[in-house]
Amino acid sequence: MKLRFAPSPTGLLHVGNARVALANWLHARRHGGAFILRLDDTDLERSKPEFAAAIEEDLRWLGLDWDERVAQSDRLDRYAAAAETLKAAGRLYPCFETEEELAYKRERRRREGKPPLYDREALRMTPDQIERAIANGKQPYWRFKLAPRTVAWHDLVLGERSVKLSAISDPVLVRADGSPLYTFTSVVDDLDMAITHVIRGEDHVTNTGIQLDLFAALGGNVMHLNFAHLPLLTDQDGGALSKRLGSISLRHLRKDGIEPAALAGYLAALGTSADPVPGMPTALAQHWDITRVSHATARFDTRQMLALNRRVLHDAPFDAMRDRLPEGADEAWWLAIRGNLDLLREARPWFDIVRGTIVPPVQEGEGDFLAAALAALPPEPWDGTTWGAWTGALKASTGRKGKALFLPLRLALTGEEHGPDLATLLPLIGRDRAALRLRLSSGA
Ligand SMILES: Nc1ncnc2c1ncn2[C@@H]1O[C@H](COP(=O)(O)OP(=O)(O)OP(=O)(O)O)[C@@H](O)[C@H]1O
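The following block contains the structure:
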């Protein structure tokens, strides 16, 4: 079994691309197959090496690796040879019509009530006419002569699918400047690399009909090829995603503090009936089943991904996070605050609260209560019971309870209205800091 992810390096990977990459990788790893990263970089104008590098970095961040990396720009000779094979078989024919001529023909057919298909006029040119056109300085581009048949396949996600080839114009495979087009390079590569499963976005369904015909024309055995087309992912409002538009990119999610296990877990469960669980791809592979992906359109819901991110942080052991935490952070602090984080960057303020200096707000009208709290602060050593003993004594002496008792203390000690459990936090803050903050917050 061999799979591939074939992005064009024309922008930053978005979450739709990532879902496809992940599905291919999970399928390969689940079944002990190989996974290839193939950069579709034959569009020299739009492809950029820096995007290729960014794609590789983002895939690695997501926890994906590959057994082989191929760049289509290194294989131009191979596409040229495959074009010759097709020409010799009479399946690739030269065309000379200009864009304007084609547009005019399409319009005429539409007016006649016919579908705007290419009429294969170039196929009727004699060798003489072709020679004359070339002698007159015209460079041909090349179309693939589709077979007059309907191709069918069992799609692992969409079910039974078929494409009637007579309803499609013969596709251009090679431009006038000799450069091959995606439909062509993709098939030559799948054939040469013995790809067994093509998992990609639903935008390629029509291509699949053409590609199966082309695959057979190049001598491939289509029985060895399996397809799965994932419904296109949209943003939260149903809008399309595109690399060129800079849609929700992995790069931005990462910069915003999303953990790869949250994104991978979310994408792997998206469109299935399974509850998303955070996890890196290696762990997710054990339960992966492509046939569980629904053929309904899926929306990328940032809130759900954030909920998973929270879970990743809540369960993260100190050792796994150590390098990304503020200098001087220790395990007790991490365990005390991790349950309160949506994003890792929210950890920093809790470091200052516990280990550093903060200025709590002066609480008007709470001066006496905070002074009493300061006076009742027990001596150190402190442990997990100190908070309960201290607030229990204050409750008895002041008659306060609930929010009236706890909120002024929390505000004084942390400067925040919400946060981690104070029973855990208080011993970490320590008596000196606690005493100072109670005094400052009382306005004394
Ligand atoms: N919104 C989407 N949802 C799911 N898969 C997608 C989506 N957009 C692209 N893909 C898939 O991602 C893979 C990489 O495709 P490609 O590099 O052409 O991405 P793209 O976002 O369509 O790029 P561009 O915007 O440059 O055309 C393909 O398998 C494609 O089907």
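Letter 91 of the sequence shown, counting from 1, is numbered 93 in this note's numbering, and no numbers are missing.
Glycine included, each C-beta is placed from N, C-alpha and C at the ideal position.
With H, G and I counted as helix, E and B as strand and the rest as coil, what does DSSP make of residue i?
i	result
residue 397	helix
residue 144	strand
residue 201	strand
residue 403	coil
residue 302	coil
residue 444	helix
residue 155	strand
residue 29	helix
residue 138	coil
residue 48	coil
residue 428	helix
residue 120	coil
residue 250	coil
residue 2	Residue 2 is absent from the structure shown; the chain starts at 3 and stops at 446.
residue 420	coil
residue 190	helix
residue 224	helix
residue 410	helix
residue 182	strand
residue 346	helix
residue 230	strand
residue 174	strand
residue 87	helix
residue 358	coil
residue 290	coil
residue 332	coil
residue 351	helix
residue 133	helix
residue 368	coil
residue 260	coil
residue 279	coil
residue 388	helix
Here's a check: name, in chain order, each residue in its chain whose Cβ is nearer than 8 Å to the Cβ of residue i, leaving out the five neighbours to either side.
i	result
residue 220	84, 87, 88, 189, 190, 193
residue 111	117, 118, 119, 121
residue 306	268, 278
residue 432	382, 384
residue 99	107, 123, 124
Kindly say whether residue i, judged by its beta-carbon, lies nearer than 8 Å to any beta-carbon of chain B.
i	result
residue 76	You won't find chain B in this structure, because it holds only one protein chain.
In its own chain, which residues sit with a C-beta less than 6 Å from the C-beta of residue i, not counting the 5 before and 5 after it?
i	result
residue 292	29, 158, 230
residue 261	311, 314
residue 355	416
residue 2	Outside the shown range of the chain (3 to 446) lies residue 2, about which nothing can therefore be said.
residue 168	150
residue 33	3
residue 107	none
residue 177	143
residue 290	28, 32
residue 21	235, 269
residue 333	320
residue 423	none
residue 125	95
residue 136	none
Excluding five sequence neighbours on each side, which residues of the same chain lie with their C-beta closer than 7 Å to the C-beta of residue i?
i	result
residue 436	379, 415, 428
residue 282	65, 262, 263, 266
residue 23	7, 61, 66
residue 68	37, 38, 39
residue 410	365, 368, 371, 372
residue 251	14, 15, 16
residue 238	301, 302, 303, 304
residue 141	178
Report the partner residues of residue i according to the DSSP bridge assignment.
i	result
residue 236	301
residue 38	6, 70
residue 162	156
residue 95	145
residue 316	Its beta-bridge partners do not exist; DSSP assigns none.
residue 16	251
Measure the beta-carbon distance from residue i to residue j and round it to whole angstroms, keeping in mind my assumption that it falls under 8 Å.
i	j	result
residue 217	residue 227	7 Å
residue 183	residue 94	The pair is not a contact, with the Cβ atoms about 12 Å apart (cut-off 8 Å).
residue 441	residue 396	Rounded, the Cβ-Cβ distance is 16 Å, inconsistent with contact.
residue 16	residue 171	The Cβ separation is near 30 Å, so there is no contact.
residue 407	residue 387	Contact flag wrong, Cβ pair sits at about 17 Å.
residue 243	residue 300	At roughly 11 Å, the Cβ-Cβ gap does not stay under 8 Å, so residue 243 and residue 300 are not in contact.
residue 374	residue 446	With 8 Å as the limit, residue 374 and residue 446 do not qualify as a contact, their Cβ atoms being about 12 Å apart.
residue 357	residue 330	6 Å
residue 362	residue 439	5 Å
residue 296	residue 259	No, residue 296 and residue 259 are not in contact; Cβ-Cβ is about 30 Å, not under 8 Å.
Compute the minimum distance between the beta carbon of residue i and the heavy atoms of ligand 3, and state whether it is under 7 Å.
i	result
residue 19	Absent from the structure shown: ligand 3. Ligands present: ligand 1.
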